[in-house]
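Note that the working numbering has the sequence shown beginning at 152, numbered continuously upward.
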Amino acid sequence: MASRSEERAQAAIKEVTSVDPTKASHVKFLQLDLADLNSVRSAAASFADQESRLDILWNNAGVGGQPVGSKTKQGIEMHMGVNVIGPLLFTELLLPQIKAAAASSPKDSVRIIWTSSWMAEGGSPKGGFVLEDLKNGGINDAYSNYGTSKASNWIIANEAGNRWGKDGIISSSKNVQALD
152 MASRSEERAQ AAIKEVTSVD PTKASHVKFL QLDLADLNSV RSAAASFADQ ESRLDILWNN
212 AGVGGQPVGS KTKQGIEMHM GVNVIGPLLF TELLLPQIKA AAASSPKDSV RIIWTSSWMA
272 EGGSPKGGFV LEDLKNGGIN DAYSNYGTSK ASNWIIANEA GNRWGKDGII SSSKNVQALD
């Protein structure tokens with residue numbers, strides 16, 4: 152379980168493994184700060200050192216409501232960096248393990264899930280977003296920056312399905328508000 156906070160991850164691991172304590176040794180903490188691409192690279196390398204396959208990757212981490220002008224360690228607008236760029240890099244770096252799982256698993260059982268939101272439609276700028284805005288630190292509206300990041304996850308999920316579907320990898324985006 153990848154997380155920025157070991158304390159929160161350990162609490163989540165305890166809750167998840169309480170359902171089936173025999174699986175407790177299968178769920179481990181992985182330090183990951185999506186606001187720092189160096190941390191993303193380190194986490195992916197650590198995972199690769201420990202595991203040869205990854206059957207399900209759920210890119211669920213994210214931030215919302217960050218002040219306009221907030222940036223990641225590498226200077227990317229915070230919503231886009233944490234919600235999109237960090238998970239995309241993490242996924243790309245874990246592709247060898249994901250593809251290995253797909254090669255030896257039943258059809259359509261290996262998947263990547265990208266967390267989106269109703270904000271992909273409701274919070275994105277009218278008429279879409281302009282890539283130049285992303286290069287210049289985002290839009291001058293935190294609501295739109297968040298919506299743009301969630302729309303981006305939807306777009307990436309579709310493109311990942313196009314690229315990696317032939318390898319037996321299902322890619323989809325989920326609106327988590329609809330799961331309640």
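Heads up, the beta-carbon is just placed ideally off N, CA and C, and yes, glycines get one too. In this text the structure is predicted, and so the values were computed from the model without any measurement.
Could you check the C-alpha separation between residue i and residue j for me, to the nearest Å?
i: Ala308; j: Pro172; result: 33 Å
i: Glu202; j: Leu185; result: 20 Å
i: Asn291; j: Gly215; result: 14 Å
i: Gly319; j: Lys258; result: 6 Å
If you drop the 5 nearest sequence neighbours on each side, which residues of the same chain put their C-beta closer than 7 Å to that of residue i?
i: Arg155; result: Leu183, Asp184
i: Asn304; result: Asn234, Val235, Trp265, Thr266, Ser267, Ser324
i: Gly213; result: Val233, Asn234, Thr266
i: Ala195; result: Phe241, Leu244, Leu245
Do residue i and residue j have their C-beta atoms within less than 7 Å of each other?
i: Lys301; j: Ser267; result: yes
i: Ile249; j: Leu205; result: yes
i: Phe180; j: Glu157; result: yes
Establish whether the CB of residue i and some CB of chain B are separated by less than 7 Å.
i: Ser256; result: Of the protein chains in this structure there is only one, and it is not chain B.
May I ask you to list the residues that DSSP assigns as paired with residue i?
i: Trp315; result: None, per the DSSP bridge assignment.
i: Asn326; result: Ser267
Beta-carbon within less than 8 Å of residue i's beta-carbon, same chain only, minus the 5 sequence neighbours each way: which residues are those?
i: Lys222; result: Glu228, Met229, Gly232, Gly288
i: Pro247; result: Ala199
Apart from the five residues just before and just after residue i, which ones in its own chain have a Cβ nearer than 6 Å to its Cβ?
i: Val191; result: Gly237, Leu240, Phe241
List in chain order: all unbroken alpha helix (DSSP H) runs of 4+ residues lying wholly within the region 207 to 244. none
Identify every run of the alpha helix (DSSP H) within the region 154 to 217, keeping only runs that are complete inside it and at least 4 residues long; order them along the chain. 157 to 169, 188 to 201
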